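Structure first, then comments.
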Amino acid sequence: MEASVLQKPAATKQLGKTGVLLVNLGTPDSPSVPDVRKYLREFLMDGRVIDIPLIPRTLLVNGIIAPFRAPKSAKTYQEVWTENGSPLKYYGEVAERELQRVLGDEFVVKLAMRYQSPSIQSGLEIFQKQGLTKIIVIPFFPQYASATTGSIHDKVMEIVREWQIIPDLTFVSSFLDHPKFIEGFVRNAQKFIQQTDYDHFVFSYHGLPERQIRKGDVTKGQVCKLGSCCDSLNAMNQYCYRAQCFETTRRLVKQLGIPEGQYTTCFQSRLGKDPWIQPYTEDLVKELPKKGMKRVLAFSPAFVADCLETTIEVGEEYKELFEEHGGEQWDLVESLNDSPLWIELLADLVKSRV
């Protein structure tokens, strides 16, 4: 047999760099009413966010929600705005910079927002001009949902499909099971637990309309019942947002040693009259003090960066509601934000896909 047949082929050297697109939901360019209105219109006109036909969606968003909600939302954004601008964007910029440092020159890391700036389009154009061999897209959402991760994937494909040359493209769908994601929230929570003996622990996730969960059920109702079907994560419900949220809670309470009966998984940010996934955080907050649970530690594990939905909604509004109904202490565990562990997690996600 010829020697050439026995020789192991040399590994093919990658010719170009790998692009890493970090994508979060988005934020207004400023907390002014016009900028907030512009952001709301782009965000809510996404058919994966408000999943109703175009004409009624246009009338609802442009005729009712954006005009009337923008002034109120602008005041809320002013509360979270810092000297660095939007916290969500600032933490994203830190992640972009630090991940680039960790990964080195063989990678090009860019931050993008699904809505507003910097846009997904601008990030992908930078990659395209540099002739990258591979692009890895990492949405900043631990749990998959069509309205968040799915929308980002959809937008990337909408742009890239117009390219004459499409590079190797890889998407991260979720990372709730990554040990460093769990460890990050556990570390942040332990700082509170060491100081206070809490009566109850609340794990509040951003809500979704029930219809969106049902649309994602590949069994057409045979498995998804919006109830005990989320008691485990398996092949049939692995992309169900509600099931992933309950799985996230199970992993966190296991690491924290929280016993059954002392924690609740719930969902916040309801909008409109249609039923959203339950239980609702707002209802739970009112009931806890009546059951003698006066000291509560809250988590928002659907967010990796503190923003309006964590700092204001969970950290302040629910705190006020809790105290109004007899609660004494309501604390919020901060998100991963700019922690070194978060950067390590992102690096792991990239390296596992190269």
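No gaps in the numbering here: position 286 of the sequence shown is 289 in the working numbering, and each next residue is one more.
Note that beta-carbon positions come from the ideal geometry of N, C-alpha and C, so glycine has one too.
Note that the coordinates shown come from a computational prediction; the quantities given were computed from them, not determined experimentally.
> Closest by CA to Ser355, which one among Val299, Phe174, Gln198?
Replying inline: Phe174
> So which of Phe130, Ala98, His328, Leu211 has the shortest CA-CA distance to Val288?
Replying inline: His328
>> To the nearest angstrom, how far is the alpha carbon of Glu285 from that of His181?
In response: Answer to the nearest angstrom: the Cα atoms are 29 angstroms apart.
> Between Ser154 and the rest of its own chain, which residues show a CB-CB distance below 8 angstroms, the 5 nearest in sequence each way excluded?
Replying inline: Asp49, Arg51, Val52, Arg117
> What do you get for Phe71, buried or exposed, if any count of 16 or more other CB atoms within 10 angstroms of its CB means buried?
Replying inline: exposed
> Where do the ends of the alpha helix (DSSP H) carrying Thr61 lie?
Replying inline: 57-63
> Do you know whose CA, among Phe195, Arg40, Gly134, Lys92, lies nearest Ala115's CA?
Replying inline: When the alpha-carbon of Ala115 is set against those of Phe195, Arg40, Gly134, Lys92, the nearest one is in Lys92.
> In chain order, which continuous runs of the alpha helix (DSSP H) of length 4 or greater are located wholly inside the segment 211-268?
Replying inline: Qualifying alpha helix (DSSP H) stretches, in chain order: 213-218, 244-259.
> Are Leu24 and Leu102 closer than 9 angstroms when you measure CB to CB?
Replying inline: no
>> Threshold first: 3 residues or longer. Then list the beta strand (DSSP E) segments lying entirely within the segment 300-347, N to C.
In response: 332-335
>> Taking the beta carbon of Met296 as the centre, do at least 16 other beta carbons fall within 10 Å, making it buried, or is it exposed?
In response: buried
> So, is Trp166 buried or exposed, given that buried needs 16 or more other C-beta atoms within 10 angstroms?
Replying inline: exposed
> What's the C-alpha gap between Ser272 and Gln198?
Replying inline: 29 angstroms
> What does a CB cutoff of less than 8 angstroms around Ile2 pick up in its chain, not counting 5 residues either side in sequence?
Replying inline: Given that the chain is displayed from residue 4 to residue 357, the structure contains no residue 2 and the question cannot be resolved.
>> I need the DSSP call for Ser7, collapsed to helix, strand or coil.
In response: Its pLDDT being 40, under 50, Ser7 is placed unreliably by the model, and the measurement read from it follows with that caveat. Helix at Ser7.
> Pick from Ile67, Pro170, Cys243, Leu348: whose alpha carbon is nearest that of Leu135?
Replying inline: Pro170
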